[in-house]
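Just so you know, the protein sequences line up as chains A and B, in that order.
To get the working numbering, take the position in the first sequence, counting from 1, and add 1.
To get the working numbering, take the position in the second sequence, counting from 1, and add 1429.
Report on the following structure.
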Amino acid sequence: MEATQETEKTALSAADFEPAGQEEKAYMVKMRPQTTAFQDGMRRLRKNKVAMVSFIIIVLITIAALVIPIFWPYQYESMLGMTPGKPVDPSFQNLSPFSYSTTEQARIAAGEKVFPHIFGTDASGRDYFIRVVYGTRISLAVGFFASLIVLVIGLLVGSVSGYVGGKVDLMIMRIVDIIYSLPDMLMVILLATVLKTAIGDSLEGTVLARIGSNIISLFIVFALLYWVSMARLVRGQILSLREQEYVLAAKAAGARGGWVIRRHLIPNCVSVIVISTALQIPNAIFTESYLSFLGLGVNAPMPSLGSLASDALNGINSYPYRLVIPALVISLIVLSLNLFGDGLRDAFDPKLNG
Amino acid sequence: MREQALLQIRNLKQYFPISSGFFSTQYLKAVDDISFDIKEGETLGLVGESGCGKTTAGRTILQLYKPTAGEVIYRGTPVRTRQEIAAFRQKATMVFQDPYSSLDPRMTVADIIGEPLDVQNSTENKIARRERILELMDRVGLNSEHAARYAHEFSGGQRQRVGIARALATKPDFIVCDEPVSALDVSIQAQIVNMFEELQEQMKLTYLFIAHDLLVVRHISDRIAVMYLGRLVELAEANEICDRPLHPYTKALMSAVPVPDPKEARKNKRIALNGEIPSPLHAPKGCPFHTRCPYAAAACKESMPQLEEIETGRFVACHRVREIH
């Protein structure tokens, strides 16, 4: 009896149903919004807190380095206390943080407002804060552009070498071997010295003259020497990837070399390229700083973090903070870039994310 | 009137150079002088043990490897120039053996299926492309919700469906199926094999079905070709070749097919071959099979037997085929 009652209760007629509306239908066939691999990667990257914090730090440092010099009351090259026709005011030199020279103290006493020297001044009476900011700007620019040059050349040469193979590969790799076998430091110093005189004159009067022959030669040195490791890396990756069956599948679909490299090979080694580029930036910053230390880096009075640190060596006992500050900035930049590079790899490698 | 052959393969050779030492180059004869026709709408099974050149033959037919010699004639015109190959690629596609490595891990399923369309610019706009992709996914039994997923989110069977959808993208009429089911579970194999048959019926496809699983091949094929050391040894109707193999190698191969009924199985005598398959680098002179053939005679060591038509539609390459029957 119970069973029949049950069936009576649940018995349904056609009248009990109503056709689904357009909206309901649309809801049923709702698809995951179509996303590109890049969008997916960005979504994963945004979820990664460490990478995002690092990214924010890099952005903040970059913005600071670009914007602060515009409105800061002191210039990186102006020696305070040096007025033409008057004796030098030594009280401006070697000020400790947030202290004022005798003239400035007099102005404050007179009710004037004087912008503080946040990090003090250096031995020539230049505001140290703006020098650090400017040095960061130079170092970042050198690191970024040098890595860009390395990336472009390395990627181009490496992918062609790896994909074409055979005699082309053999030739390119022998050139790479030759460049590899040259002692880095010696070549950098020699090239920087030679280029400095060689291109110094031809730059006269052009836009590049403002950048300085030293930095230009630094870029050329990077372009000539440091692409080899990137090219080797990319070639190795492509050599192993081009044997993958999906490359053959792409060829079976009618794809040519350029398509295969762009659509399959480079996207599949992008994590390695990204990491190595991210590591190339601090590497370039270091190279720039030791060249600056040797007097081959940026042209004085232009500062870079490296030259600031090496200048600070003279007064290491009395003014240790002058070494610590640029060193800290370098560390912060390098650490952030590394962590951000890791985050990028995690985000753009779906295989690792499972 | 004879049926028009869709593809005629004529004296196809594929030698891979292997440098041995500084001056000498040896050649690995992966495919050595094979000729056969594939009729429109049929499934030609291609079997043989590992390393006999089945896969290379399939890839060379599709011009994925440049043939060392010989030619492939598609609907009466030889495929030679770049343009001809490009046009041929639209009509002749491939399903790969390994559904894991043949799909780019960085592409979504929609992009993988759409790649042949993108490469050949065959859809006018994005909407048409998307429609075509969804239609293909539907055709191979994939849920269109999965279009935005990556290949690694799928099971082996689903991945192979993606591979098949991709092969169908340019509306081909000939597909080389390179061991498409050997990487799959048996239960999934049946599904995929059945799907191949359905698709063939619906879309009038012609298959070259490469496999080493003889039961699967017998099930799906109209005719079967047997390869040994880069050469064709026998070609005949599927049932003929399975029930009454003529070439000694085919006999041995067929006797190795497991029979599901143990009583039947006991009746069958297995022909065990002695020795290993010789290296294709040092293929024996004369008949390539003479080193392992129980019927080998003096003539077999001297001259290479050619594929000849013993009966209508039965091609065998053996000197002694008439004597041993």
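Using N, Cα and C, we set each Cβ at its ideal position, and we do this for glycine too.
Given the structure is predicted, the values throughout are model-derived calculations rather than measurements.
Rounded separation between residue i and residue j - CA only
{"i": "Arg1652(B)", "j": "Val169(A)", "result": "45 Å"}
{"i": "Asp123(A)", "j": "Pro283(A)", "result": "26 Å"}
{"i": "Pro1446(B)", "j": "Gln1455(B)", "result": "6 Å"}
{"i": "Leu1708(B)", "j": "Leu266(A)", "result": "Checking the displayed sequence, the identity of residue 1708(B) turns out to be Ser instead of Leu. Spanning the two alpha carbons is a distance of roughly 33 Å."}
{"i": "Pro1687(B)", "j": "Ala1694(B)", "result": "7 Å"}
{"i": "Pro91(A)", "j": "Ala107(A)", "result": "15 Å"}
{"i": "Lys1483(B)", "j": "Glu1608(B)", "result": "10 Å"}
{"i": "Leu1628(B)", "j": "Ser1650(B)", "result": "14 Å"}
{"i": "Leu1565(B)", "j": "Ser272(A)", "result": "32 Å"}
{"i": "Asp41(A)", "j": "Phe349(A)", "result": "8 Å"}
{"i": "Ala1577(B)", "j": "Asn1697(B)", "result": "52 Å"}
{"i": "Tyr65(A)", "j": "Ile57(A)", "result": "A small correction: the amino acid at residue 65(A) is Ala; Tyr does not occupy that position in the sequence shown. Taking the straight line from one Cα to the other gives about 12 Å."}
{"i": "Ile1463(B)", "j": "Ile1438(B)", "result": "7 Å"}
{"i": "Phe178(A)", "j": "Gln238(A)", "result": "Before going on, a small fix: residue 178(A) reads as Asp here, not Phe. About 18 Å."}
{"i": "Val1645(B)", "j": "Asn1668(B)", "result": "13 Å"}
{"i": "Leu1435(B)", "j": "Asp1466(B)", "result": "7 Å"}
{"i": "Val261(A)", "j": "Leu345(A)", "result": "23 Å"}
{"i": "Ser102(A)", "j": "Phe93(A)", "result": "5 Å"}
{"i": "Phe341(A)", "j": "Met80(A)", "result": "38 Å"}
{"i": "Arg1647(B)", "j": "His1641(B)", "result": "11 Å"}
{"i": "Ser1453(B)", "j": "Val195(A)", "result": "48 Å"}
{"i": "Leu1597(B)", "j": "Ser1530(B)", "result": "19 Å"}
{"i": "Val60(A)", "j": "Leu240(A)", "result": "36 Å"}
{"i": "Ser1479(B)", "j": "Arg175(A)", "result": "38 Å"}
{"i": "Gly1585(B)", "j": "Leu249(A)", "result": "19 Å"}
{"i": "Glu1630(B)", "j": "Asn1623(B)", "result": "11 Å"}
Other residues of its chain near residue i: CB distance less than 7 Å, five sequence neighbours each side excluded
{"i": "Phe1517(B)", "result": "Gln1492, Tyr1503 and Val1508"}
{"i": "Met1733(B)", "result": "Gly1715 and Cys1716"}
{"i": "Ser1573(B)", "result": "Leu1563, Met1566 and Asp1567"}
{"i": "Phe223(A)", "result": "Ala147, Ile150, Val151 and Ala285"}
{"i": "Thr63(A)", "result": "Leu141"}
8 Å CB neighbourhood of residue i in its chain, flanking five on each side removed
{"i": "Leu1726(B)", "result": "The amino acid at residue 1726(B) is misidentified as Leu; the sequence shows Ala. Only His1748 and Arg1749 meet the Cβ criterion."}
{"i": "Met303(A)", "result": "Tyr77, Glu78, Tyr135, Ile139 and Gly213"}
{"i": "Ile190(A)", "result": "Leu292, Leu295 and Leu297"}
{"i": "Ala1712(B)", "result": "Lys1458, Asp1461, Leu1658 and Gly1659"}
{"i": "Pro1601(B)", "result": "Gln1519, Lys1520, Ala1521, Thr1522 and Leu1634"}
{"i": "Ala193(A)", "result": "Asn215, Ser218, Leu219, Val222, Leu292 and Leu297"}
{"i": "Pro1534(B)", "result": "Tyr1579, Ala1580 and His1581"}
{"i": "Thr1599(B)", "result": "Arg1518, Gln1519, Lys1520, Thr1522, Pro1545, Leu1546, Gln1549 and Ser1551"}
{"i": "Ala15(A)", "result": "none"}
Residue i and residue j closer than 8 Å at C-beta
{"i": "Leu1441(B)", "j": "Tyr247(A)", "result": "no"}
{"i": "Leu1563(B)", "j": "Arg1590(B)", "result": "no"}
{"i": "Trp228(A)", "j": "Ile154(A)", "result": "yes"}
{"i": "Val1745(B)", "j": "Leu1682(B)", "result": "no"}
{"i": "Val1476(B)", "j": "Val1655(B)", "result": "yes"}
{"i": "Pro85(A)", "j": "Ile119(A)", "result": "no"}
{"i": "Ile317(A)", "j": "Val133(A)", "result": "no"}
{"i": "Leu219(A)", "j": "Glu113(A)", "result": "no"}
{"i": "Ile1542(B)", "j": "Ala1594(B)", "result": "yes"}
{"i": "Gln1443(B)", "j": "Tyr1494(B)", "result": "yes"}
{"i": "Ser337(A)", "j": "Ser100(A)", "result": "no"}
{"i": "Arg45(A)", "j": "Met53(A)", "result": "no"}
{"i": "Ser162(A)", "j": "Ala232(A)", "result": "yes"}
{"i": "Gly167(A)", "j": "Arg236(A)", "result": "no"}
{"i": "Leu234(A)", "j": "Ser277(A)", "result": "yes"}
Close Cβ partners of residue i (< 6 Å) along its chain, the five nearest in sequence each way excluded
{"i": "Tyr1636(B)", "result": "Thr1472, Ile1604 and Cys1606"}
{"i": "Met1430(B)", "result": "Only weak support is given to the placement of Met1430(B): the predicted model assigns it a pLDDT of 36, under 50, and the question is left unresolved by the model."}
{"i": "Asn354(A)", "result": "A caution first: Asn354(A) carries a pLDDT of 45, below 50, which makes its placement in the model too unreliable to give a value."}
{"i": "Tyr75(A)", "result": "Asp128 and Ile131"}
{"i": "Lys1730(B)", "result": "Gly1715 and His1719"}
{"i": "Gln281(A)", "result": "Ser148 and Val151"}
Could you pull out every unbroken beta strand (DSSP E) segment of at least 3 residues lying fully inside the segment 1543-1627 of chain B, listed in chain order? 1603-1607
Those runs of the alpha helix (DSSP H) which lie wholly inside the segment 1451-1506 of chain B and span at least 4 residues: 1483-1490
Check distances from the C-beta atoms of the segment 234-252 of chain A to those of chain B and list, in chain order, the residues that come in under 9 Å. Gln245, Glu246, Tyr247, Val248, Leu249, Ala250, Ala251 and Lys252
Using a Cβ-Cβ cut-off of less than 9 Å, give me the residues of the segment 253-284 of chain A that come near chain B, in sequence order. Ala253, Ala254, Gly255, Ala256, Arg257, Trp260, Arg264, His265, Pro268, Asn269 and Val271
Output the residue ranges of the alpha helix (DSSP H) runs that lie fully inside the segment 1644-1714 of chain B and measure 4 residues or longer, sorted by chain position. Listed in chain order, the complete alpha helix (DSSP H) runs (minimum 4 residues) inside the segment 1644-1714 of chain B are 1667-1672, 1677-1684 and 1691-1696.
Any C-beta of chain A within less than 9 Å: which residues of the segment 1436-1459 of chain B qualify? none
At which residue ranges does the segment 157-231 of chain A contain complete alpha helix (DSSP H) runs of 4 or more residues, listed in the order of the chain? 167-182, 185-203, 209-212 and 214-226
Between the segment 1545-1557 of chain B and chain A, which residues of the former have a C-beta closer than 8 Å to a C-beta of the latter? Listed by position, the residues of the segment 1545-1557 of chain B near chain A (Cβ gap below 8 Å) are Pro1545, Val1548 and Gln1549.
Quick one: which residues of the segment 1524-1545 of chain B get their C-beta closer than 9 Å to a C-beta of chain A? List them in chain order. Phe1525, Gln1526, Asp1527, Tyr1529, Ser1530, Ser1531, Leu1532, Asp1533, Pro1534, Arg1535, Met1536, Thr1537, Ala1539, Asp1540, Ile1541, Glu1544 and Pro1545
Just to confirm the assignment: which complete beta strand (DSSP E) runs, minimum length 3, are found wholly within the segment 102-135 of chain A? none
Which residues, in chain order, does the segment 1510-1524 of chain B contribute to contact with chain A at a C-beta distance below 8 Å? Ala1515, Arg1518, Gln1519, Thr1522 and Met1523
When Cβ atoms are compared, which residues of the segment 1491-1502 of chain B fall closer than 7 Å to chain A? Residues of the segment 1491-1502 of chain B whose Cβ lies closer than 7 Å to any Cβ of chain A, in chain order: Leu1491 and Leu1493.
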